[in-house]
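Trainee:
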Amino acid sequence: MLYRDKLLEAEDAGSEPPQKRERKRPNIVSYITEVIKDTLKAIPPSISRSVTPNKTRHSLLRGAAAYANASPKLAIK
């Protein structure tokens, strides 16, 4: 089959609207990320300026945050 024929077939098949993706079942990772985001939204503006934005559960496991998370002297507030 030629490339042009494949394009024509794809064009014909593309006339239907794309189906919505099925949402996966929530897991602990998405739950923790959601809790972090909700907590950050509830923090007063005076305190939220000192908090690094867009932190997720992944941020707690990687990089400098992993060191802080593993340190017994430091705690996530």
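Residue numbers for the sequence shown follow this note's numbering, so the first one is 1200 and each next one is one higher.
Just so it is clear, CB atoms sit at the ideal spot from N, CA and C, and this is done for glycine as well.
Here the structure is a predicted model, which means the values were calculated and not measured.
(1) Out of curiosity, what's the CA-to-CA distance linking L1201 and K1223?
(2) Just curious, the alpha helix (DSSP H) that P1244 is in, first and last residue?
(3) Which class does V1250 belong to by DSSP, given the choice of helix, strand or coil?
(4) Using a Cβ-Cβ cutoff of less than 7 Å, which residues in the same chain neighbour V1250 once the five nearest sequence positions on both sides are dropped?
Mentor: In terms of the structure at hand:
(1) Taking the sequence shown and counting its residues from 1, the one referred to as residue 1201 is at position 2. Taking the sequence shown and counting its residues from 1, the one referred to as residue 1223 is at position 24. Rounded to the nearest angstrom, the two C-alpha atoms are 37 Å apart.
(2) Here residue 1244 corresponds to residue number 45 of the sequence shown, with the count starting at 1. P1244 to S1247 is the extent of the alpha helix (DSSP H) around P1244.
(3) Taking the first residue of the sequence shown as 1, we reach residue 1250 at position 51. V1250 carries a coil assignment under DSSP once its states are collapsed to helix, strand and coil.
(4) Mapped onto the sequence shown, residue 1250 falls at position 51. In chain order, L1239 and I1242 place their CB closer than 7 Å to the CB of V1250, counting only its own chain and leaving out the 5 sequence neighbours on each side.
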